[in-house]
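Student: Okay, here's the structure, questions in a sec.
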Amino acid sequence: MTDAGRHPRITIHTLSDVLEIKGNVGNFDVQIVKKARYVDEKACTACGDCAKVCPVVRPDEFNLGLSSRRAIYSPFPQAVPSAYVLNPHECLGNNPVVCSKCLEACEKKCIDFHMSDQTLNERVGTIVVATGLAPHDPRVLDEYGYTRYENVLTSLEFERLVNAGGPTQGHLLRPTDRQQPKSVGFIQCVGSRSARRGKAYCSNICCMNTIKSTLVLKEHYPDMAVKVFYIDIRAFGKGFEDLYTRSRRQGVHYVRGLPGHVEELPDGRLRVAVENASGGTLDYYELDMLVLAIGIEPAAGTHKLQEMLGLQLTSDGFFLEAHPKLQPVDAATRGVFYAGCAEGPKDIKESVTQASAAAVRAIRLMQSNTIAAEAITSEIDPELCKACGKCAQVCPYHAITVDPKKKTPAQVVTAACSGCGTCAAECAFGAITMNHFTDRQIVDQIDAMLEDRPSEKILTFACNWCSYAGADYAGVSRLQYPPNARLIRTMCSGRVDEQFIWHGFKKGAPVILVSGCHIGDCHYINANHWTVKRVEKVRQKMEKRGLRPERLQLEWISAAEGVRFAEVMTRMEQLRRTVTDKEIAETIDLLEK
Amino acid sequence: MTTPVPTTSTTAAGDARIGVYVCRCGLNIAQTVDCDAVAAAMAKQPDVAVAKSIGYACSEPGQREIREEIETLGLNRVVIGSCSPRLHEPTFRQMLAAAGLNPYLLEMANLREQCSWVHMQNREGATAKARDLVKMAVARSRRLQPLDEARLPMTQRALVIGGGVAGIQAALDMADNGYEVVMVERQPSIGGVMAQLDKTFPTMDCSI
Ligand SMILES: Cc1cc2nc3c(=O)[nH]c(=O)nc-3n(C[C@H](O)[C@H](O)[C@H](O)COP(=O)(O)OP(=O)(O)OC[C@H]3O[C@@H](n4cnc5c(N)ncnc54)[C@H](O)[C@@H]3O)c2cc1C
Ligand code: SF4
Ligand code: SF4
Ligand code: SF4
Chain A
1 MTDAGRHPRI TIHTLSDVLE IKGNVGNFDV QIVKKARYVD EKACTACGDC AKVCPVVRPD
61 EFNLGLSSRR AIYSPFPQAV PSAYVLNPHE CLGNNPVVCS KCLEACEKKC IDFHMSDQTL
121 NERVGTIVVA TGLAPHDPRV LDEYGYTRYE NVLTSLEFER LVNAGGPTQG HLLRPTDRQQ
181 PKSVGFIQCV GSRSARRGKA YCSNICCMNT IKSTLVLKEH YPDMAVKVFY IDIRAFGKGF
241 EDLYTRSRRQ GVHYVRGLPG HVEELPDGRL RVAVENASGG TLDYYELDML VLAIGIEPAA
301 GTHKLQEMLG LQLTSDGFFL EAHPKLQPVD AATRGVFYAG CAEGPKDIKE SVTQASAAAV
361 RAIRLMQSNT IAAEAITSEI DPELCKACGK CAQVCPYHAI TVDPKKKTPA QVVTAACSGC
421 GTCAAECAFG AITMNHFTDR QIVDQIDAML EDRPSEKILT FACNWCSYAG ADYAGVSRLQ
481 YPPNARLIRT MCSGRVDEQF IWHGFKKGAP VILVSGCHIG DCHYINANHW TVKRVEKVRQ
541 KMEKRGLRPE RLQLEWISAA EGVRFAEVMT RMEQLRRTVT DKEIAETIDL LEK
Chain B
1 MTTPVPTTST TAAGDARIGV YVCRCGLNIA QTVDCDAVAA AMAKQPDVAV AKSIGYACSE
61 PGQREIREEI ETLGLNRVVI GSCSPRLHEP TFRQMLAAAG LNPYLLEMAN LREQCSWVHM
121 QNREGATAKA RDLVKMAVAR SRRLQPLDEA RLPMTQRALV IGGGVAGIQA ALDMADNGYE
181 VVMVERQPSI GGVMAQLDKT FPTMDCSI
């Protein structure tokens, strides 16, 4: 921590949040809001004179409310930066009559009530997302009487209580009577591995964390009765089994089975009912203290970043890597990398390993002062352009300039174009060529596909980032579905031109599926909004012309939704079976007129 | 390793010479899809100069064979029916570049993730689908045009969002390698959850 704080090439903005990110790999423009600290970060020596005089007492977040702090405080002794911080919502205010005691107490004069939030702009070439975890909050499900029973703690609270720098100087005390407990029970998988309560996934660290805690207890209090209630112990890492064995040797009692019920006894002790899965008996234990091994969840704000950078999430809500095996720290968005628990629950060692990997992947791009630009961009033919302005309106990157009033034809700023193809799909005059996904290329694919036995085939458009990746995920998971669909990959569902759909029906397609990223997840900001509008429009036209609009389908499938992809395929096949040869022949007749 | 993109322009559509390679991927594809039958069907398509099945297209011998045929047969389009382009498109694009072809003259058909692995009980249906997918790729490949990747400036600084142990490590590694790093942390101090821990497994020592 201090190394990072002192490093001449690292600038740390604390109390800060990323407000907006624009641009692409090589040139991301980042807007950061830095909240006022009200203390000069550089001048403050962390002497603490200010806090001594502050009359406001508040629960200390760092110790999870197990101790208190003042309205002006140091986050924790080793904090980086070490400067104190003032919470303006708690402070009695800068009216000298009201208080400003700290202002007088500070000899260095580094407190400034008039400091204001700052907006900073930074340009960077690469981004490492390391937003970490949020511990599971057991209050949400009222688990094991947490908050109702004072002697039920979370594992994080327990960490603070046994920490020499914590609120009890490292002495484990029972909250109700501040006595040392004689017996402590740990309950595993709180908020994890349950389809009904909390999250379905394994949080990865809680087993080992509990084993660690039992060893800490046995070291300090050899006579303490320590029990662990578990489903199974996952001690898979290097050196883990050894710690588990040590814990059992030292007399920690591992009970297979999670408590069904906890009740508080009049003296504050806790009575725990456990169905012992090994013996098949219902056992009762009376314990002085219970510790909930809480799971790990994605950090707050994950969604906001996801939208800002066009990233993908797994169904568990963590960031999704570009490839689970071969690109484990790359985001699908070029120039963005993941490190630590932002990508999934993991321990410190794995977080650090992944962070070094992310750093190297970023350096690999940054070592040259130029980077290959996207070659898949659009081009406009000024001869054909009628300067209607539509393309500029739909481009999510504002990469097109056109003046409908002066009739100056549209122009693409190639460096700003990300290649979604929405403009080409929307131009009514065929003035836009989408490189590598030209009309001609796609129409030829449709023709090749529907040349023979078209009635058996489902013409499917899939976007590179979500639905096509979801189809790959179904494959990796070996999910089986009917073999009737043929996928045409485009970068974005926004590329799917109305003409492709009509052409497909004219060539005898029974069903056409357009698929892409969920709304809000579009890799091209919001290009898929235009997909929705277009599909709706075509369906209305189909209805008017006497075609069944159901034959055109729109589905959102994320890169992690292999199961959903397989389900959609099965549904499409059912739909295809409802389309008769007669219906197809009539459609062809109608459209050829 | 990035191979520079050659700017050689190729023949326009009309005189395309297409090489079609249907990868068996060991048995990953071949046990469900009749790769030889797919290749044989492609050999009859117009503009196809060669069509064959191949053991492991991405392996060095596989790539060498394709590179050599690009030269000896004068291929100017390459179609590979194999795994997902999301996996090996970069591999094969580099192969084309190494053989002196513009990398955008490659087209892939997804015969593994989107065919053999998802229709395992239906060899006939999977083979018919594979035939269509490769045929579509051949049709598309005829229309492919060489593209050049312009160079854009790279800002040689990084942003790290989050100052927990992962963010700190990433920042230090990049900074120690000479890159400027901007770190954004929501809390008044960096450190994240690790700063709150006492001892940590597996070493049982203190965390900060
Ligand atoms: C109770 C408990 C005990 C544990 N014990 C151990 C142990 O003994 N051994 C072990 O190896 N591991 C242990 N772990 C796991 C360990 O804590 C994690 O592996 C590690 O903290 C992950 O580091 P990180 O940097 O990914 O995330 P974090 O530590 O969560 O850090 C993320 C940082 O990013 C900041 N942030 C989040 N979002 C934003 C945003 N949008 N903008 C700006 N900043 C943001 C946060 O404020 C935080 O400072 C334990 C975890 C818990 C919960
Ligand atoms: S949509 Fe087409 S015609 Fe209209 S301004 Fe854009 S390029 Fe020109
Ligand atoms: S709409 Fe898409 S393809 Fe067209 S200019 Fe904008 S980013 Fe490029
Ligand atoms: S190219 Fe793809 S399908 Fe072929 S061997 Fe390699 S991994 Fe398997």
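So the protein lines, in turn, are chains A and B. Per the working numbering, numbering through the first sequence is continuous, rising by one, with the last residue being 593. Per the working numbering, numbering through the second sequence is continuous, rising by one, with the last residue being 208. Using N, Cα and C, we set each Cβ at its ideal position, and we do this for glycine too. Fair warning: this is a prediction, and the values are worked out from it, not measured in the lab.
Assign A/A357 to buried or exposed, taking buried as 16 or more other Cβ atoms, counted over all protein chains shown, within 10 Å of its Cβ.
Tutor: Buried is the call here.
Student: Consider the C-beta atom of A/I400 and the heavy atoms of ligand 3; say whether any pair is separated by less than 6 Å.
Tutor: A/I400 Cβ: within cutoff of ligand 3.
Student: Give the secondary structure of A/A74 by DSSP, where H, G and I count as helix, E and B as strand, and everything else as coil.
Tutor: Rather than Ala, the amino acid found at residue 74 of chain A in this sequence is Ser. Coil.
Student: Who does B/L159 pair with in a DSSP beta bridge?
Tutor: Answer is A/I127, B/V182.
Student: As a quick exercise: from B/I18, B/A41, B/A16, B/G19, pick the residue whose alpha carbon is nearest that of B/K129.
Tutor: For the residues B/I18, B/A41, B/A16, B/G19, the minimum Cα distance to B/K129 belongs to B/A41.
Student: Is A/S515 close to chain B? Criterion is C-beta to C-beta, closer than 7 Å.
Tutor: Not closer than 7 Å to any Cβ of chain B, the Cβ of A/S515 fails to qualify, so no.
Student: What are the uninterrupted segments assigned as beta strand (DSSP E) that are 3 or more residues long and contained completely in the segment 118 to 167 of chain B, given in chain order?
Tutor: If we require 3 residues or more, the beta strand (DSSP E) runs fully inside the segment 118 to 167 of chain B come out as 151 to 153, 157 to 161.
Student: Consult DSSP for B/S9 and reduce its assignment to one of helix, strand or coil.
Tutor: The predicted position of B/S9 is uncertain, since its pLDDT is 38 and thus under 50; no value can be drawn from it.
Student: Note down the Cα distance separating A/A195 from A/I296, rounded to an integer number of angstroms.
Tutor: Whole-angstrom Cα-Cα distance: 15 Å.
Student: Spell out whether any CB of chain B is found under 7 Å from the CB atom of A/L15.
Tutor: True, the Cβ-Cβ gap to chain B drops below 7 Å.
Student: Just the Cα atoms here: how many angstroms apart are A/E426 and A/S558?
Tutor: When rounded, the distance between both Cα atoms is 24 Å.
Student: Mind listing which residues of the segment 169 to 181 of chain B have their C-beta closer than 7 Å to chain A's C-betas, in chain order?
Tutor: The residues in question are Q169, A170, A171, L172, D173, M174, A175, N177, Y179, E180, V181.
Student: Taking the CB atoms as reference points, tell me whether A/I611 and A/I380 lie closer together than 7 Å.
Tutor: No statement about residue 611 of chain A is possible, as the shown extent of chain A runs from 1 to 593 and does not include it.
Student: On the criterion of 16 or more Cβ atoms from any shown chain inside 10 Å, does B/V5 qualify as buried, or is it exposed?
Tutor: Any reading at B/V5 must be qualified, since the residue scores a pLDDT of 36, below 50, and its modelled position is unreliable; no value is offered.
Student: Ligand 4 and B/C35: does any heavy atom of the ligand fall closer than 6 Å to the residue's C-beta?
Tutor: Incorrect: B/C35 has no Cβ contact closer than 6 Å to ligand 4.
Student: I need the straight-line Cα distance from A/H303 to A/D267, nearest angstrom please.
Tutor: If you take the alpha carbons of A/H303 and A/D267, they lie about 45 Å apart.
Student: Report, in whole angstroms, the separation of the C-beta atoms of A/S130 and B/G164, which I expect to be a contact under 8 Å.
Tutor: Checking the displayed sequence, the identity of residue 130 of chain A turns out to be Ala instead of Ser. About 6 Å separates the two Cβ atoms, so the contact holds.
Student: Is A/C420 near ligand 5, in the sense that its beta carbon is under 6 Å from a heavy atom of that ligand?
Tutor: Summarising the ligand content, the structure contains ligand 1, ligand 2, ligand 3 and ligand 4 and does not contain ligand 5.
Student: Below 8 Å on the Cβ atoms is my guess for A/A46 versus A/S74; work out the distance and round it to an integer in Å.
Tutor: That belief holds up - the Cβ atoms of A/A46 and A/S74 are roughly 6 Å apart, short of 8 Å.
Student: Does the CB of B/A12 have a neighbour CB from chain A at under 7 Å?
Tutor: For B/A12, the predicted model reports a pLDDT of 46, less than 50, meaning its position is unreliable; a value from the coordinates is still stated below. With 7 Å as the cut-off, B/A12 does not count as an interface residue toward chain A.
Student: What's the call for A/Q540, buried or exposed, on a 16-neighbour Cβ count within 10 Å?
Tutor: Exposed is the call here.
Student: From B/M108 to B/C23, what does the alpha carbon distance come to, in whole angstroms?
Tutor: Those two C-alpha atoms are separated by around 11 Å.
Student: What residues from chain A crowd round B/L75, counting only those whose CB sits closer than 9 Å?
Tutor: Near B/L75 there are no residues of chain A at all, since even the closest Cβ is about 19 Å away, more than 9 Å.
Student: Using a Cβ cut-off of 7 Å (strictly closer), state whether A/E20 contacts chain B.
Tutor: So, not an interface residue.
Student: Under the DSSP definition of a beta bridge, which residues are partnered with A/Q553?
Tutor: Bridge partners of A/Q553: A/L513.
Student: Determine, for B/N122, whether the minimum Cβ-Cβ distance to residues of chain A falls below 7 Å.
Tutor: Yes - at least one Cβ of chain A is within 7 Å of the one on B/N122.
Student: Just the C-alpha distance for B/M95 and B/L147, rounded to the nearest angstrom, thanks.
Tutor: Looking at the two C-alpha atoms, the distance is approximately 16 Å.
Student: Run through chain B and tell me which residues come within less than 8 Å of A/P454, C-beta to C-beta.
Tutor: Ordered by position in chain B, no residue passes the 8 Å Cβ test against A/P454, which lies about 11 Å from the chain.
Student: Looking at the secondary structure, which residues open and close the alpha helix (DSSP H) in which B/P61 lies?
Tutor: Where B/P61 is concerned, the enclosing alpha helix (DSSP H) stretches over 60 to 72.
Student: Does the count of Cβ pairs from the segment 553 to 571 of chain A and the segment 495 to 505 of chain A closer than 8 Å reach three?
Tutor: No, because fewer than three Cβ pairs between the segment 553 to 571 of chain A and the segment 495 to 505 of chain A fall closer than 8 Å, the two stretches do not touch.
Student: Nearest to A/A392 by CA position, among A/D403, A/I187, A/D3, is which residue?
Tutor: Closest option to A/A392, Cα to Cα, is A/D403.
Student: Report yes if the CB atom of B/M120 is closer than 7 Å to the CB atom of B/T203, and no otherwise.
Tutor: Taking 7 Å as the Cβ cut-off, B/M120 and B/T203 do not qualify as a contacting pair.
Student: How close, in whole Å, do the beta carbons of A/D283 and A/S183 come, if the pair is a contact with beta carbons under 8 Å?
Tutor: That pair is no contact at about 14 Å.
Student: I'd like to check one pair, A/G310 with A/H171: are the Cβ atoms closer than 7 Å?
Tutor: For A/H171 and A/G310, no; Cβs fall outside 7 Å.
Student: Below 6 Å CB to CB, which residues in the same chain sit around A/E122 once its five sequence neighbours on both sides are set aside?
Tutor: Hits under 6 Å: V30.
Student: In terms of residue numbering, what span does the beta strand (DSSP E) encompassing A/L459 cover?
Tutor: Counting along the chain, the beta strand (DSSP E) containing A/L459 begins and ends at 458 to 463.
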